[in-house]
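Novice: Sharing a structure below in structure tokens format, with a few things to ask.
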Amino acid sequence: MEKRTNYCGNITADYIGKKVNLYGWVQRVRNLGNLLFIDLRDREGIVQIVVNHDSGKKLMDIAESLGNEYVLQVKGNVVKRSDVNPDMKTGEVEVDATDIIILNKAKNPPFEIKDNIDVSEQTRLKYRYLDLRRPSVQKAIILRSKILRATHEYFDQHGFINIETPELGKSSPEGARDYLVPSRIYPGSFYALPQSPQLFKQLLMGAGFDKYYQLARCFRDEDLRGDRQPEFTQIDMETSFLDEKGVQDYTEGLLKKIMKDVMGIDLKTPIARMSWNDSMNKYGTDKPDTRYGMLIHDLSPIFKDSDFRVFSGAIADGGYVKGIAVKNGAKAYSRKKLDKKQDYIKRYHAKGLAWVKYEDGDFSGPVARFLTDEDKEALKKEFNLEGGELVVFVADKWKVCCDSLNHLRREFAKETDIIPKHVFDFVWVVDWPLFEYDEGRGRWVAAHHPFTMPDDEGIKLLDTDPHKAHARSYDIVMNGDEMGGGSIRIHKRSIQEKMFKALGFTKKRAYEQFGYLMDALDMGFPPHAGLAIGLDRFAMMLAEKDNIRDVQAFPKNANASEPMMHAPAPVSKGQLSELGVEVDSKYSDSVKKTEDHLEDEAQKDADKNSTWDKN
RNA sequence: GGUCCAUUGGAGCAGUGGUUUAUCUCGUCUCCCUGUCACGGAGAAGAUCGUCAGUUCAAAUCUGACAUGGACCGCCA
């Protein structure tokens with residue numbers, strides 16, 4: 082193919098008077114009769130091609146036959162436009178076509194290839210290659226690529242070694258559910274895809290590589306969310322002979338470079354540190370959104386002797402009364418809207434939502450009559466009330482107060498429009514508990530992971546009162562989302578054993594699962610620490626998208642399936658028997674149904690579109 | 001495992017039991033048009049209202065089940 086002069090989107094005034102050869106897709110044809118414009122699009126943008134009577138009948142005929150998304154080669158002369166379009170990068174010029182070659186035709190696409198369209202996720206994913214043609218989606222994928230490049234450059238500049246770790250590993254019952262891959266050579270045995278390269282990277286420190294990084298693909302077989310896909314990429318790093326400060330400095334350096342290279346933003350470092358405790362108490366979450374205030378206040382001291390039993394009762398039961406004040410919320414929130422909020426926080430197990438409005442020097446609302454004059458004064462002082470505020474209260478167990486007020490705070494902030502736009506506010510959350518109690522399983526689990534070093538006090542507590550121990554771990558949080566986290570790792574067998582013990586492992590199980598690690602720790606293992614950043618989530622936030630699907634080229638839908646290729650799908654009996662795998666007969670119907678459906682769809686597609694039997 | 005919402009021409013929507021031939025916008029097709037850039041103008045085609053069952057004289061509309069999609073809770077060390 083003939084060499085392209087430049088991308089369509091780069092044909093600016095510099096090219097005036099030059100002959101160009103372009104390739105691209107037809108965005109739009111505007112046929113004005115004897116004058117016709119073609120918007121030709123590629124990944125860099127759009128340039129206007131002009132064809133008119135003087136171009137000759139042959140060229141006009143071709144131009145008139147064009148449809149949207151036809152793939153063209155266009156040769157022509159770049160000329161200055163009579164009417165400049167200031168909204169386009171190429172708006173000063175147009176290409177006076179001398180030759181138009183149709184490289185491929187296109188059927189009418191199921192949706193238009195432009196931004197701000199309203200199409201179902203189903204359709205977008207089924208025709209993902211078309212969705213990916215849309216400028217804003219391309220921009221997000223390109224942004225992701227820029228992050229990847231900045232990351233490689235940064236770690237290379239700082240002497241990190243890029244090491245790939247296996248994707249076929251061993252299943253571990255800790256943590257998320259594994260994706261399993263059956264072994265053909267050992268029927269009945271399974272590999273597991275990595276949830277993260279955690280142990281491999283620690284062992285690489287044992288091997289003396291000292292500074293490791295990897296853009297690691299990770300897999301977790303858990304239900305999806307807007308910010309969770311079953312496969313994703315971690316910017317993974319590990320270092321020897323560094324403490325928290327050392328790892329955080331490298332991380333800040335990396336973030337600084339990414340923000341500069343990708344966004345053109347100068348990130349101020351050092352990034353602020355917040356203790357886990359502060360974060361929970363002021364923001365109700367371990368991933369605080371620090372772009373705005375509206376902090377959570379503990380009002381228990383004010384209400385512990387209140388006549389309002391809902392409040393004093395909750396406190397007497399060992400709970401709390403906590404609240405937030407929403408500026409200008411008194412006018413903005415009707416009783417009806419607040420009832421909706423009450424329903425909303427029920428999902429976090431809150432029993433109810435109490436509220437008062439402070440207007441014209443007085444409190445109103447259903448709870449106001451329970452407030453004594455002292456309560457009122459105390460509230461005014463506590464929240465520094467100026468008038469016009471809505472104050473909401475949750476009286477419940479600590480965890481319920483935190484969860485519901487965290488989510489309320491986020492909602493109120495969004496709705497009252499106090500979140501500054503295009504701001505990327507990072508914060509380190511430090512001084513984590515080592516363990517947290519898992520209500521579901523009824524046992525203690527590692528807050529970070531079981532290889533996290535307790536702090537000095539925590540090491541002592543491991544023998545006496547392990548669940549009070551604090552961890553030497555740190556999370557990097559941005560705009561209320563966890564971007565990454567890491568820790569100082571345990572590098573001594575005795576501490577690692579105590580850790581497993583505190584987690585309720587038996588000696589037998591600990592050694593079956595992690596014996597190799599503890600053996601390694603005994604053979605000259607260096608102190609080490611590391612961190613991993615969730616690349617997809619980071620990219621999503623920089624691209625200011627609200628779904629992680631928008632920064633992965635070929636994501637899964639909310640039910641973990643992929644509607645274009647139809648993954649997952651049943652496999653042949655032969656494949657299964659080779660692996661020694663049998664599908665439970667109770668799934669025969671659904672497997673058959675899926676197979677029939679796929680067959681049916683393929684048949685319909687072939688009948689409608691195939692040229693197989695023609696010519 | 002659970003909760004909520006959605007499903008109507010190619011796309012997005014309107015339509016609360018009967019004069020609906022199912023609304024509008026975009027797209028598509030035909031014709032006209034030499035300065036458009038979300039071109040404009042005139043016309044046309046295109047829908048067994050997700051599936052199945054039920055209620056009813058009558059169902060896009062009410063009920064139930066299922067399917068698909070989305071959001072959330074659980075889950076995600």
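For the working numbering, count along the first sequence from 1 and bump the result up by 81. Each residue gets a CB set at the ideal place from its N, CA and C atoms; glycine is no exception.
How about the region 311–324 and the region 616–630: do they share at least three Cβ pairs that are nearer than 8 Å?
Specialist: yes
Novice: For the beta strand (DSSP E) containing Glu202, name the first residue and the last one.
Specialist: Position 121 of the first sequence, counted from the first residue, corresponds to residue 202. It is not in any beta strand (DSSP E) - Glu202 instead sits in the alpha helix (DSSP H) that spans 202–207.
Novice: What does the alpha-carbon distance come out to for the pair Val160 and Ser226?
Specialist: In the first sequence, residue 160 corresponds to position 79, counting from 1. In the first sequence, residue 226 corresponds to position 145, counting from 1. Whole-angstrom Cα-Cα distance: 34 Å.
Novice: Taking only runs of the alpha helix (DSSP H) that begin and end inside the region 339–391, which ones reach a length of at least 4 residues, in chain order?
Specialist: 357–364, 381–384
Novice: What are the boundary residues of the alpha helix (DSSP H) that includes Gln129?
Specialist: In the first sequence, counting from the first residue as 1, residue 129 sits at position 48. Per DSSP, Gln129 belongs to no alpha helix (DSSP H); it is in the beta strand (DSSP E), 126–133.
Novice: Nearest to Ala527 by CA position, among Asp342, Glu255, Leu121, Leu113, is which residue?
Specialist: For the purposes of this step, residue 527 is taken as the residue at position 446 of the first sequence. For Ala527, the nearest C-alpha among the options comes from Glu255.
Novice: Please name the residue, chosen from Glu303, Glu245, Thr232, that lies closest to Thr342 on a Cα-to-Cα basis.
Specialist: Your numbering for residue 342 matches position 261 in the first sequence. Strictly speaking, residue 342 in this sequence is Asp, with Thr absent from that position. If we check each option's Cα against that of Asp342, Thr232 comes out closest.
Novice: Determine whether the beta carbon atoms of Leu584 and Ala550 lie at a separation below 8 Å.
Specialist: What you label residue 584 is simply residue 503 of the first sequence in a count that begins at 1. What you label residue 550 is simply residue 469 of the first sequence in a count that begins at 1. With respect to Ala550, Leu584 sits apart: the two C-beta atoms are not nearer than 8 Å.
Novice: Taking the Cβ atom as the reference point for each residue, do Phe581 and Pro531 lie within a distance shorter than 8 Å?
Specialist: As a first step, residue 581 is located in the first sequence; it is residue number 500 there, counting from the start. As a first step, residue 531 is located in the first sequence; it is residue number 450 there, counting from the start. One thing to note: Phe581 has its Cβ within 8 Å of the Cβ of Pro531.
Novice: Taking C-beta to C-beta, are Gly105 and Leu153 nearer than 8 Å?
Specialist: Residue mapping note: residue 105 aligns to position 24 of the first sequence, counting from 1. Residue mapping note: residue 153 aligns to position 72 of the first sequence, counting from 1. The answer is yes: Cβ separation under 8 Å.
Novice: Is it the case that the Cβ atoms of Glu245 and Pro275 are separated by a distance below 8 Å?
Specialist: As a working note, residue 245 is residue 164 in the first sequence. As a working note, residue 275 is residue 194 in the first sequence. No; because the gap between Cβ atoms is not below 8 Å, this pair is not in contact.
Novice: At the level of alpha carbons, what is the spacing between Phe192 and Thr497?
Specialist: As a working note, residue 192 is residue 111 in the first sequence. As a working note, residue 497 is residue 416 in the first sequence. Rounded to the nearest angstrom, the two C-alpha atoms are 34 Å apart.
Novice: Pick from Ala613, Glu83, Met375: whose alpha carbon is nearest that of Gln279?
Specialist: Numbered from 1 along the first sequence, position 198 holds the residue referred to as residue 279. Comparing Cα positions, the closest option is Ala613.
Novice: Taking the continuous alpha helix (DSSP H) assigned at Pro216, which residues delimit it?
Specialist: One-based indexing of the first sequence puts residue 216 at position 135. 216–238 is the extent of the alpha helix (DSSP H) around Pro216.
Novice: Beta strand (DSSP E) containing Asn185: first to last residue?
Specialist: Locating residue 185 in the first sequence gives position 104, counting from the first residue. Run containing Asn185: 174–185, per the beta strand (DSSP E) assignment.
Novice: What span of residues does the alpha helix (DSSP H) with Tyr592 cover, start to end?
Specialist: Translated into positions along the first sequence, residue 592 becomes position 511. 588–602 is the span of the alpha helix (DSSP H), which, as asked, contains Tyr592.
Novice: For Gln594, which residues in the same chain have their Cβ closer than 7 Å to its Cβ, ignoring the five residues on either side in sequence?
Specialist: By 1-based counting over the first sequence, the position of residue 594 is 513. Within the same chain, Gln594 has close Cβ partners Ser253.
Novice: Residue range of the beta strand (DSSP E) that Val402 falls in?
Specialist: The residue given as residue 402 occupies position 321 in the first sequence. Val402 -> beta strand (DSSP E) spans 401–407.
Novice: Looking at the secondary structure, which residues open and close the alpha helix (DSSP H) in which Met621 lies?
Specialist: Counting from one through the first sequence, the residue named residue 621 turns up at place 540. Taken as a continuous stretch (DSSP letters only), the alpha helix (DSSP H) holding Met621 covers 616–623.
Novice: Checking the sheet assignment: what are the DSSP bridge partners for Ala610?
Specialist: Within the first sequence, the letter at position 529 stands for residue 610. Paired residue(s): Thr320, Ile569.
Novice: Since Leu140 contacts Leu121 with CB under 8 Å, what's their CB separation in whole angstroms?
Specialist: Position 59 of the first sequence, counted from the first residue, corresponds to residue 140. Position 40 of the first sequence, counted from the first residue, corresponds to residue 121. Contact between Leu140 and Leu121 does not hold, since the beta-carbon distance rounds to 15 Å and is not under 8 Å.
Novice: For the alpha helix (DSSP H) containing Ile557, name the first residue and the last one.
Specialist: Reading the first sequence from its first residue, position 476 is the one you call residue 557. Element bounds for Ile557: not the alpha helix (DSSP H) but the beta strand (DSSP E), 551–559.
Novice: Would you report the Cα separation of Tyr555 and Ile377, rounded to the nearest angstrom?
Specialist: By one-based count along the first sequence, residue 555 stands at place 474. By one-based count along the first sequence, residue 377 stands at place 296. In a straight line, the C-alpha of Tyr555 is about 22 Å away from that of Ile377.
Novice: Just to confirm, is the Cβ distance from Glu173 to Thr93 under 8 Å?
Specialist: As a working mapping, residue 173 is identified with position 92 in the first sequence. As a working mapping, residue 93 is identified with position 12 in the first sequence. Yes, the Cβ-Cβ distance between Glu173 and Thr93 is below 8 Å.
Novice: Going along the chain, which residues of its own chain have a beta-carbon closer than 8 Å to the beta-carbon of Trp479, five neighbours each way excluded?
Specialist: Working through the first sequence from its first residue, we reach residue 479 at position 398. Result list for Trp479: Gly400, Tyr401, in chain order.
Novice: Note the first and the last residue of the continuous alpha helix (DSSP H) segment covering Lys422.
Specialist: By 1-based counting over the first sequence, the position of residue 422 is 341. Residues 416–427.
Novice: Does the region 468–482 come within contact of the region 421–435, defined as at least 3 CB pairs closer than 8 Å?
Specialist: Three or more Cβ pairs drawn from the region 468–482 and the region 421–435 lie within less than 8 Å of each other, which places the two stretches in contact.
Novice: Go ahead and pull the three-state DSSP assignment for Phe699.
Specialist: Residue 699 lies beyond the range of the chain shown here (82 to 696); nothing can be said about it.
Novice: Quick one: what's Ala297 bridged to in DSSP?
Specialist: Indexing the first sequence from 1 puts residue 297 at position 216. Paired residues: Gln315.
Novice: I need the straight-line Cα distance from Gly486 to His503, nearest angstrom please.
Specialist: Indexing the first sequence from 1 puts residue 486 at position 405. Indexing the first sequence from 1 puts residue 503 at position 422. The question names Gly, yet the displayed sequence has Leu at residue 486. So the two alpha carbons sit approximately 25 Å from each other.
Novice: Tell me Trp513's beta-bridge partners as DSSP assigns them.
Specialist: Indexing the first sequence from 1 puts residue 513 at position 432. Note: Trp513 sits in a beta bridge opposite Ala552.
Novice: Count the other CB atoms, across all protein chains shown, that sit within 10 Å of the CB of Lys282; report buried if there are 16 or more and exposed otherwise.
Specialist: Here residue 282 corresponds to residue number 201 of the first sequence, with the count starting at 1. With 16 or more Cβ atoms within 10 Å of its Cβ, Lys282 is classed as buried.
Novice: Quick check: what's the CA-CA separation for Asp424 versus Tyr414?
Specialist: Translated into the one-based positions of the first sequence, residue 424 becomes position 343. Translated into the one-based positions of the first sequence, residue 414 becomes position 333. The straight-line gap from Cα to Cα measures roughly 15 Å.
Novice: Exposed or buried, Asn465, counting other C-beta atoms within 10 Å across all chains shown (16 or more means buried)?
Specialist: Within the first sequence, the letter at position 384 stands for residue 465. Exposed.
Novice: Could you give the distance in angstroms between the alpha-carbon of Glu676 and the alpha-carbon of Arg306?
Specialist: For the purposes of this step, residue 676 is identified with residue 595 of the first sequence, where counting begins at 1. For the purposes of this step, residue 306 is identified with residue 225 of the first sequence, where counting begins at 1. Near 27 Å, if we compare the C-alpha coordinates of Arg306 and Glu676.
Novice: From what residue to what residue does the beta strand (DSSP E) around Leu153 run?
Specialist: Your numbering for residue 153 matches position 72 in the first sequence. Per DSSP, Leu153 is one residue of the beta strand (DSSP E) stretching across 152–161.
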